[in-house]
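Take a look at the structure set out below.
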Amino acid sequence: MKSLYAVFLLPLTFIPVLALAQDAPAPAAATAAAPAAEAPSPVPSSENWLTGYVELGYRTQTGIAGSEATYRSIVNLGEGLKLSGTDFTILDPKKRLFERLRIRAYDWGGDPWSSFHIFVEKRGIYKFLGDYRNLTYFNNLASYADPTLPRGVVLDQQSFDTKRRMGSWALELFNGRLLSPYVMYDRDSSSGRNVSVFRTDGNEFAIPELSRDATNLYRAGVHVTLRRFHVTVEQGASVFRSDQNSNVSAGSSTNPGNNLNPVLGQPIYLSSLLRATGVRGNGAFSRLTGTATLSSWLDVYGHYMYANPHNDVNFQQLATGSFVVLSQALFYSTGQSILTATANLPHKGGNFGWDLHPARRFRVTQAWTTDRLDSRATAVTLDRLALAASTPLGNSTLGYTTLGNSTLGNTNSLLNASDNRLETNAFVEGPRHVTFRGGYRYVWGDSQGAILPAAGLPGAQFATLRRQVGLGGITWRPGTRWSAAADAEVGRGSGAWFRTSLYDYRKVRATGSAKLTSTLRLSLDYRTLHNDNPYSGVSYRFDTHQEAASLNWAPKGERLDLQASYEHCGYNSSIAYLQPQILVSAVSNYREACHTMSGLVSASLKSPVKGMPIKLLAGGSAVLTAGSRPTTYYQPTARVNVPLTKKIGLFAEWRYYGLNETFYMYEAFRTHILTTGLRFTR
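Take 0 as the starting number for the sequence shown in numbering that gives the first Met the number 0 and just add one per residue.
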């Protein structure tokens with residue numbers, strides 16, 4: 000699939016380069032020998048069949064001083080030849096195969112985020128859209144999930160080095176007509192290496208893991224468009240697969256895990272591990288969407304969706320070493336686990352709303368949303384242990400013991416959940432260009448789940464969600480020079496799905512914009528949120544505020560432009576949690592104060608090429624934080640574009656990346672990146 004994308008992408012990307020080469024001026028000698036040019040025609044030339052640009056460059060790096068793993072986790076820009084970007088449009092005045100073809104592609108050549116977009120249209124006949132994205136995801140911050148740091152081991156036990164590819168392709172026929180059928184295909188896939196964890200009683204071990212997953216989504220439907228009505232009927236299906244595999248070979252050394260202390264007087268370690276997990280899923284779904292203008296003062300809309308996915312899971316694991324079952328004070332040398340599970344998850348949801356505007360200065364909107372899930376799952380497990388110094392696993396049943404005194408376990412689970420929301424807003428336009436908004440939102444839901452036979456820590460079998468929210472806002476727009484707006488929400492709840500969900504909260508946002516002079520504009524933004532979940536065992540409290548200001552100054556039109564922004568923020572959270580090692584309650588507190596600054600100055604200078612100025616850009620951004628994790632991050636940049644001809648230009652760009660953390664200095668890095676290349680424009 001990747002090679003198919005590349006074959007399709009590369010020729011299209013270089014069409015403008017070839018066209019520019021054909022249009023390039025001839026050498027001086029050849030020009031002198033050529034016959035005299037014809038007089039220009041008094042008839043204006045037709046519109047260019049090709050417009051756009053292609054930017055090709057080569058990136059070099061001075062080297063990474065500090066942690067390369069942190070650099071790859073945050074920046075991850077490599078060296079080599081790059082297609083920085085291209086955006087061009089092809090028009091066919093005769094409208095044979097198409098009227099308009101547009102291609103866009105950015106950051107190809109090994110960059111962590113690459114994209115390709117295509118749009119082809121012949122109005123009334125067809126419309127084709129394609130979107131492809133390639134994401135390289137590397138995450139290996141040593142300070143995260145590493146209990147071995149106190150003994151000098153730097154190992155992120157939740158690290159990833161994967162590539163994710165996402166593609167979406169859609170073809171619509173007879174677009175804009177009464178009946179317009181369409182087909183769509185989406186694919187999302189990933190593959191790579193990870194570091195995962197193998198857990199046992201009294202210890203856990205970091206292990207390598209290979210992972211692959213892919214989701215294919217197929218959709219087909221039809222748009223029905225009338226003067227006052229629009230209906231879309233769609234049928235689709237999805238196919239999902241996910242595989243994880245771990246292989247730790249037995250060798251001369253063993254994996255001691257995170258806990259070096261003996262458990263019940265005996266060390267716990269891992270010698271070898273074979274583990275494989277496979278998940279397969281598929282399901283069909285149906286969707287119906289409609290909008291209608293019932294009158295000049297009433298619009299309605301609705302959406303309904305039903306899906307019935309089915310999942311199958313197979314898990315196998317064989318581990319050797321020295322392990323313990325704490326509940327039985329039982330030591331064993333080999334453990335085998337096999338699991339087969341299946342689940343059905345019927346899911347239906349919808350929303351309905353209307354927009355009522357009976358008078359010019361009065362408007363009312365209402366929206367109702369519901370989402371319901373009914374899950375049924377069954378799992379069959381086999382757990383076998385070979386006692387230390389007993390007959391090896393697989394030779395005989397002698398020496399085996401099992402959890403729960405049974406080699407075979409059957410687990411059934413169910414989950415019924417519903418989530419609903421009803422919101423009403425009224426808008427009144429008052430005097431002096433002031434608009435008032437008042438509203439009410441009611442959120443409610445129920446969740447009931449059970450696992451039989453019950454195992455593990457006790458949990459809530461039945462949960463309810465009830466939240467009432469008051470809404471309000473005001474907007475002032477006296478003209479094009481000034482504007483201001485403020486919105487507020489106050490919510491009170493009696494339940495939540497998650498510990499960190501909104502419960503009793505207050506949210507406020509205020510924005511303003513002013514054109515101080517003909518060349519200077521100022522924008523302000525203020526946000527604050529306070530959330531409190533007083534439920535016993537949670538004690539969650541979260542406070543945040545953000546203040547931002549941005550300035551745009553263009554004193555000489557296109558020749559000079561200045562953009563600057565500053566943001567200050569503060570975060571304060573507190574939540575109770577259970578320490579997994581000793582199952583004792585504790586409180587996690589987090590504090591952070593941050594300053595974010597960014598600026599960009601662009602200037603245009605005269606150049607030898609008439610009508611093509613030299614462009615200079617300089618600026619960058621900086622983030623400085625203090626609190627639980629003080630950090631400084633700098634990213635200055637500078638760029639120059641120098642035209643060589645009217646269609647060809649030279650560019651050079653410099654970037655600096657620097658990160659420093661007070662408490663985690665081993666994660667600091669800094670580097671300089673220089674990119675030079677040519678830009679072809681038509």
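C-beta atoms are modelled at their ideal positions from N, C-alpha and C, and glycine is treated no differently.
Between which two residues does the beta strand (DSSP E) harbouring residue i extend?
i: S72; result: Taken as a continuous stretch (DSSP letters only), S72 belongs to no beta strand (DSSP E), being part of the alpha helix (DSSP H) at 67-73.
i: Q634; result: 630-642
i: Y504; result: 503-514
i: I647; result: 647-660
i: P357; result: 346-358
i: Y268; result: 268-294
i: H229; result: 228-247
i: H309; result: 297-324
i: H432; result: Counting along the chain, H432 falls outside any beta strand (DSSP E), and DSSP gives it neither H nor E.
i: Q60; result: 49-60
i: G626; result: 613-626
i: N564; result: In the sequence as displayed, the identity of residue 564 is Ser instead of Asn. Start and end: 559-577.
i: Y143; result: No beta strand (DSSP E) holds Y143; DSSP gives it neither H nor E.
i: M664; result: Segment: none, M664 is in no beta strand (DSSP E) and carries neither H nor E.
i: P607; result: First-last for P607: undefined, no H or E at that position.
i: G478; result: Run containing G478: none; DSSP gives neither H nor E here.
i: I102; result: 99-107
Measure the alpha-carbon distance for residue i versus residue j and round it to whole angstroms.
i: L287; j: N281; result: 20 Å
i: S271; j: I672; result: 43 Å
i: A385; j: V323; result: 11 Å
i: R176; j: G123; result: 7 Å
i: L677; j: G166; result: 29 Å
i: R360; j: V433; result: 11 Å
i: P635; j: L615; result: 14 Å
i: A358; j: S295; result: 10 Å
i: H309; j: S285; result: 15 Å
i: S517; j: A483; result: 19 Å
i: R628; j: S142; result: 11 Å
i: Y633; j: A213; result: 37 Å
i: A548; j: D531; result: 29 Å
i: R71; j: T135; result: 10 Å
i: E54; j: N254; result: 50 Å
i: W353; j: T364; result: 6 Å
i: L421; j: L178; result: 33 Å
i: P452; j: S412; result: 9 Å
i: R491; j: R466; result: 6 Å
i: H346; j: Y268; result: 44 Å
i: W443; j: L464; result: 5 Å
i: T59; j: L344; result: 51 Å
i: S603; j: L559; result: 6 Å
i: T670; j: I613; result: 27 Å
i: Q316; j: A275; result: 7 Å
i: L414; j: G301; result: 27 Å
For residue i, which residues in the same chain have their Cβ closer than 7 Å to its Cβ, ignoring the five residues on either side in sequence?
i: H529; result: Y504, R505, D542
i: G108; result: G79, L80, K81, L82
What does the Cβ neighbour count give for residue i, buried or exposed, with the cut at 16 atoms within 10 Å?
i: L100; result: buried
i: T479; result: exposed
i: G610; result: exposed
i: A104; result: buried
i: D110; result: buried
i: P642; result: buried
i: N133; result: buried
i: T624; result: buried
i: N246; result: exposed
i: L293; result: exposed
i: L96; result: exposed
i: V182; result: exposed
i: S252; result: exposed
Can you give me the Cβ contacts of residue i inside the same chain, cut-off strictly under 8 Å, excluding the 5 residues immediately before and after it?
i: V586; result: S538, S573, I574, A575, Y576
Grab me the residues of residue i's own chain with a C-beta within less than 6 Å of its C-beta, minus the 5 sequence neighbours each way, in chain order.
i: V379; result: T339, N409
i: V262; result: G201, V323
i: L297; result: L355
i: F204; result: F197, N254, G256, L269
i: D130; result: H116, S167
i: R638; result: L616, E652
i: F668; result: I63, G65, S66, T69, Y70, L658
i: V238; result: N215, N281
i: D524; result: T510, A547
i: A513; result: W481, L521
- Message: At 4 residues or longer, what runs of the alpha helix (DSSP H) sit wholly inside the stretch 517-557?
- Response: none
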